[in-house]
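Please read the structure below before turning to the comments.
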Amino acid sequence: MGDEILMEVRNISKKFKKKTIFEGINIRIKRGEIIGIIGASGAGKSVLIKTLNGFYKPSLGEVNIKSIQDMPIGTSTQHNSLYRNLTAGQNLDYFAKISGIKKKERKKIIDNLFKKMGIAQYEKILVKKLSGGTKKRVDISCAILKNPDILILDEPFLGLDPPLVKSLSKFIREYALQGKTVIISSHRTEELSLLCSRMLAMVNKNMYTINKNQIPQVYLIKNG
Amino acid sequence: MVKEMLLIIERNIKIMLNSKMSSAIILLAPLLLIGIMGLALQDTSLKNVKVSIYGPEKDSFYYDFVTQLNDKSFKSDDSNSIEECKDNVINSKSQACIELIKKGEDDYQIKLFVDFSQQRIVWNIIGTIQGVVEEKSRALQEDSISQLNKKLENVPALIKENKEKIDSALFKIEILEDKLGDSERDIFSLLGYLENINQTIGEMRMDVDELSAQGVDVSSLQFQITNIEKRIEDLRTEIKSAEKNIIDSSDIQIKRIKDDLLESREDLEDMEEEFRRAKELDLNKIVDPIPLNYFHVSNEEEGTIVKDLGFIDYLIPSFFMFFILFSSIILSSVFILRERKSMAYLRNRISSVSQAKFISGNFLTIFLTIFLQIALVIFISGFFTNIKIISNLGSIIIICFISIFLFGLMGVAIGSIFSSNEGVLASSISISLLLVMFMPIITPLETIHPSLIKIVSMSPLVFLETKLRLATIFDIGFAISITEIIILSLVSLFLLGIISYSTFKFKEKEI
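Protein sequence lines correspond, in order, to chains P and C.
Read in order, the letters of the first sequence correspond to residues 19 to 242 in this note's numbering.
Read in order, the letters of the second sequence correspond to residues 28 to 538 in this note's numbering.
Right under this line is the structure:
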């Protein structure tokens, strides 16, 4: 913990055909850090998140993860990576199986997560019938099934009411305190500034480290 | 590998079961489809076909024809002109226009105007109307034959009557001949008398000559005797000549008449024989000299269809193939796209399970689903069709297995290439329709351009449908040629290539 570098992003660029989404991004993320990434809509935050979690390969550069886990990254996406026609319990069970969690541990882990996230009563309800906040909690539960070293959250506060934002923020802090790294991309700069240890802004296809206390100004300046 | 694929299949099944609509569609759609098909095609005869009839002369033939059409469940209406009749077809008010033209007594012409753009029904209408016309023609034909038969029966009586007349004439000739014989005898006796007279005259001459020798002037007597002798001689000559002229010529004439009568009698006898033969002849053969009967190749039962196989039974193999093709291509393409567009796709993609396993798992789910559907369809169809399913179940399963595999793979390829619902559906339906268009039931190979026959005959759908037809209708076991194995392998490899390329190279395309 402390100064241990968990993820090192070296000069990565991403292009879709001729369209450059971002270029020359370098980030070094330490264990236990909570990193906030802000940026206007279409700035490329989601593509960066998908590049960091391994869904996209960078067009240039590399992403190095220094972890002994076989699946060191857990991801929760903006629209929740869940099967709408499976219940919350079935989603967790399926992703636990896919992650290779053994049968003996599976039930225990899932039960713990349900308790921890306060969603036990929704276990047998189809995801499509759940509220936005509950879906987000189920999605995050799926992301942390294997207790990954790095948790990447894309717009986790989107559509959540203040009590849920507060509760989710509490969970993120607690997770980071376990020596895990959390990367959050969001529009909600206020919550991020309170939660994150470091803030990065994506502006004009580049990444800038910014002072947490100056977020609104910098954000506005960089967005013209 | 197997464990992970089973996991994906289990997940897919849970998703399907949780979605009541999906489960209902998967289970009930084939049942509904086969039920509707069974109901719709159980009785394929034409019903409520509207036809317009134009006939300037409304005679019994016209009304008989209309009645016969109505008996065939046609609905006919009169048109006032041929133009109105044709317009009714163009405006879809009726399916056909029939013009009845009377050319003379019992001489009619029927013209049928149809809309050939209504391909599926037009030939049925033509066939039915042709049937009615043939029925009418047959009635006229039978009437003519019966009249001819009556004439054939009358003529021998006339011949007999004429023969009797000839016999009577011959009898009279014989009497005449007898009478001529009598006349001849009379002439002969007349000549005898003349000879006697001549002899008497001769004796008289001798007496007169004696008197003359004795110096009696009997010259005038001698002269008279000479004249008498001469006259007798002339009379004899004339009688002989008359005998020759009258009797001989009469004899010749009578002989000629007799010969002619005998000849006529022989001719009448020949005619009688000919008519007897004509009566023995089947007159139907004159109008239908070479009868054509057709049978199903696997059965000697005469008719358009085999006794125990109906119209629907012949359609079933093509229907199965239709079902497999559309279900496999559309279901698998939509399934794959839905998976790719699923919110959970990202989580699956970044998991340690390879894409090949995900694709295989999804493909197996589709395969099992369609197999279940086709099994249901086959099982249900067994209740209202007479095709041989149980006796050749092995072959049918193999053919269905190959078909679902191939067309399912085609759907997976489509689902992997396109990124929008519209693209997937449009291409699935287009490819399915393209393949269906060249199915033998829609376009027989023999009717397409020669340059395309080779290509179309290599279409897996064409030869798989043929195999299914042979298995279900003729109970022929599954057999596959080397060429077909090569075609199936090449198509599968090509599709697998597309799937691999799309999955691993198109990953960068954002959905």
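C-beta: ideal position from N, C-alpha, C; glycine also.
Since the model is a prediction, treat every value here as computed from it, not as a measurement.
Are there 16 or more other CB atoms within 10 angstroms of the CB of C:GLU366, so buried, or fewer, so exposed? For the purposes of this step, residue 366 of chain C is taken as the residue at position 339 of the second sequence. Burial call: buried.
| Among residues of its own chain, excluding the 5 on either side of C:GLU537, which ones have a beta-carbon nearer than 6 angstroms to its beta-carbon? | Numbered from its first residue, the second sequence carries residue 537 of chain C at position 510. Caution applies to C:GLU537, whose pLDDT of 48 falls short of 50 and renders its modelled position unreliable; the model cannot decide the point.
Using a cut-off of 9 angstroms between C-beta atoms, extract the partners of P:GLN108 located in chain C. Position 90 of the first sequence holds residue 108 of chain P. Those within 9 angstroms of P:GLN108 in chain C are ARG38, LYS41, ILE42 and ASN45.
Item to complete: Return the residue from the list C:GLU449, C:LYS282, C:THR264 and C:ILE42 that minimises the CA-CA distance to C:ILE202.
Response: Residue numbering aside, residue 202 of chain C sits at position 175 when the second sequence is read from its first letter. Cα-wise, what sits closest to C:ILE202 is C:LYS282.
For chain C, find out if any of its Cβ atoms is closer than 8 angstroms to the Cβ of P:TYR101; answer yes or no.
-> The sequence position of residue 101 of chain P within the first sequence is 83, counting from 1. By this cut-off, P:TYR101 is an interface position.
Could you confirm whether any beta carbon from chain P is found closer than 8 angstroms to the beta carbon of C:SER379?
-> By one-based count along the second sequence, residue 379 of chain C stands at place 352. C:SER379 counts as touching chain P.
How about P:LYS48 and P:GLU26: do their beta carbons lie closer than 8 angstroms?
-> Reading the first sequence from its first residue, position 30 is the one you call residue 48 of chain P. Reading the first sequence from its first residue, position 8 is the one you call residue 26 of chain P. No.
| query | Counting contacts by CB-CB distance shorter than 8 angstroms, is C:ARG367 in contact with chain P? | reply | Taking the second sequence and counting its residues from 1, the one referred to as residue 367 of chain C is at position 340. Taking Cβ atoms only, chain P never reaches closer than 8 angstroms to C:ARG367, which makes this a no.
message = Which runs of the alpha helix (DSSP H) at least 4 residues long sit entirely within the segment 351 to 396 of chain C? Give them in chain order.
response = 359 to 368 and 372 to 376
- prompt: How should C:PHE347 be labelled, buried or exposed, when 16 other C-beta atoms within 10 angstroms of its C-beta is the threshold for buried?
  reply: For the purposes of this step, residue 347 of chain C is taken as the residue at position 320 of the second sequence. Under this definition C:PHE347 is a buried residue.
Counting C-beta neighbours from all protein chains within 10 Å, is the total for P:LEU238 16 or more, i.e. buried, or is it exposed? Here residue 238 of chain P refers to the residue found at position 220 of the first sequence. Low local confidence applies: a pLDDT of 45 at P:LEU238 is under 50, so the model's placement there is unreliable, and no value is given.
If you reduce the DSSP assignment to three classes, tell me which class C:GLN1 lands in.
For residue 1 of chain C there is no data in the structure shown, the boundaries of chain C being 28 and 538.
Output needed in chain order: residues of the segment 347 to 377 of chain C with a Cβ under 9 angstroms from some Cβ in chain P. SER369, MET370, ALA371, TYR372, LEU373, ARG374, ASN375, ARG376 and ILE377
**Prompt:** Roughly how many angstroms separate the alpha carbons of P:TYR193 and P:ASN130, rounded to a whole number?
**Reply:** Looking up residue 193 of chain P in the first sequence gives position 175. Looking up residue 130 of chain P in the first sequence gives position 112. Each residue's alpha carbon lies about 14 angstroms from the other.
Taking the alpha-carbon positions, what's the C:ARG292 to C:LYS190 distance?
For this step, residue 292 of chain C is matched to residue 265 along the second sequence. For this step, residue 190 of chain C is matched to residue 163 along the second sequence. Distance between the alpha carbons of C:ARG292 and C:LYS190: 6 angstroms.
Less than 7 angstroms between the CB of P:PRO166 and some heavy atom of the ligand GTP, yes or no?
Inclusion of the ligand GTP in the displayed structure is not the case, the ligand content being empty and no account of it being possible.
Would P:LEU144 pass as an interface residue toward chain C - the criterion being a Cβ-Cβ separation below 8 angstroms? The residue given as residue 144 of chain P occupies position 126 in the first sequence. At least one chain C Cβ lies under 8 angstroms of P:LEU144.
**OP:** In the DSSP assignment, find the unbroken beta strand (DSSP E) run with P:ALA219 in it and report its ends.
**Re:** What you label residue 219 of chain P is simply residue 201 of the first sequence in a count that begins at 1. Segment 216 to 221, the beta strand (DSSP E) holding P:ALA219.
Could you tell me which residues DSSP puts in a beta bridge with C:ILE123? As a position in the second sequence, residue 123 of chain C is number 96, starting the count at 1. The question names Ile, but residue 123 of chain C in the sequence shown is Ala. Bridge partners of C:ALA123: C:VAL78 and C:VAL141.
**Prompt:** Taking the alpha-carbon positions, what's the C:SER379 to C:SER369 distance?
**Reply:** Working through the second sequence from its first residue, we reach residue 379 of chain C at position 352. Working through the second sequence from its first residue, we reach residue 369 of chain C at position 342. Computed Cα separation, rounded: 18 angstroms.
Name, please, each residue of chain P whose Cβ falls closer than 7 angstroms to the Cβ of C:LEU395. Counting from 1 along the second sequence, the entry for residue 395 of chain C is found at position 368. Within 7 angstroms Cβ-Cβ: nothing; C:LEU395 doesn't reach chain P, min ~18 angstroms.
Note to self: Could you pull the DSSP bridge partners for P:ARG28 from this structure?
What the structure shows: Stepping through the first sequence from its first residue, residue 28 of chain P is reached at position 10. The partner list for P:ARG28 (beta bridge, DSSP) reads P:GLU80.
Under 8 angstroms, Cβ to Cβ, is there at least one residue of chain P near C:LEU34?
Here the question's residue 34 of chain C lines up with position 7 in the second sequence. So yes, C:LEU34 belongs to the interface.
Self-check item: Chain-order list of residues whose beta-carbon lies under 8 angstroms from that of C:LEU221 (same chain, five-residue window excluded)
Solution: Taking the second sequence and counting its residues from 1, the one referred to as residue 221 of chain C is at position 194. Hits under 8 angstroms: ILE259, LEU262, ARG263 and ILE266.
Can you give me the C-alpha to C-alpha distance between C:MET485 and P:MET89, rounded to a whole angstrom? Working through the second sequence from its first residue, we reach residue 485 of chain C at position 458. Working through the first sequence from its first residue, we reach residue 89 of chain P at position 71. Straight-line Cα distance between these residues: approximately 48 angstroms.
| query | Using the beta-carbon count (16 or more within 10 Å), is C:THR94 buried or exposed? | reply | Numbered from 1 along the second sequence, position 67 holds the residue referred to as residue 94 of chain C. It counts as exposed.
Inset, instruction - Just tell me which of P:ARG206, P:GLN96, P:SER85 and P:ILE116 has its CA closest to the CA of C:ARG376. - result: Counted from its first residue, the second sequence places residue 376 of chain C at position 349. Comparing Cα-Cα distances from C:ARG376 to each of P:ARG206, P:GLN96, P:SER85 and P:ILE116, the minimum goes to P:ILE116.
Does the distance from the CB of C:SER408 to the CB of C:PHE505 come in under 8 angstroms? Translated into the one-based positions of the second sequence, residue 408 of chain C becomes position 381. Translated into the one-based positions of the second sequence, residue 505 of chain C becomes position 478. No, the pair does not count as a contact, with Cβ atoms beyond the cut-off.
*For my contact list, P:ILE56 and P:THR207 are in at a C-beta cut-off of 8 angstroms; report their separation, rounded to the angstrom.*
Working through the first sequence from its first residue, we reach residue 56 of chain P at position 38. Working through the first sequence from its first residue, we reach residue 207 of chain P at position 189. About 6 angstroms separates the two Cβ atoms, so the contact holds.
Next on the checklist: Quick check: what's the CA-CA separation for C:GLN400 versus C:LEU55?
Outcome noted: Position 373 of the second sequence, counted from the start, is the residue given in the question as residue 400 of chain C. Position 28 of the second sequence, counted from the start, is the residue given in the question as residue 55 of chain C. About 9 angstroms.
_Continuous alpha helix (DSSP H) assignments of at least 4 residues falling wholly in the segment 446 to 505 of chain C_ = 448 to 464, 477 to 484 and 487 to 500
- [ ] Using alpha carbons as the reference points, say which of C:ILE416, C:ILE431 and C:LYS120 lies closest to C:ILE405.
- [x] The residue given as residue 405 of chain C occupies position 378 in the second sequence. Selected option, being the one with the closest Cα: C:ILE416.
Anyone know if the C-beta pair for C:PHE465 and C:ILE431 falls short of 8 angstroms?
Numbered from 1 along the second sequence, position 438 holds the residue referred to as residue 465 of chain C. Numbered from 1 along the second sequence, position 404 holds the residue referred to as residue 431 of chain C. No, these two residues do not count as a Cβ contact at 8 angstroms.
Exercise for review: Please confirm whether P:GLU51 and P:GLY107 have their CB atoms less than 8 angstroms apart.
Suggested key: Walking along the first sequence from the start, residue 51 of chain P turns up at place 33. Walking along the first sequence from the start, residue 107 of chain P turns up at place 89. Not closer than 8 angstroms, so no.
> Is the beta carbon of P:GLY92 less than 8 angstroms from the beta carbon of P:LYS154?
Replying inline: Counted from its first residue, the first sequence places residue 92 of chain P at position 74. Counted from its first residue, the first sequence places residue 154 of chain P at position 136. No, the pair does not count as a contact, with Cβ atoms beyond the cut-off.
Which listed residue (P:PHE189, P:HIS97 and P:LYS184) has its alpha carbon closest to that of P:LYS133: Position 115 of the first sequence, counting from 1, holds the residue named residue 133 of chain P. It is P:PHE189.
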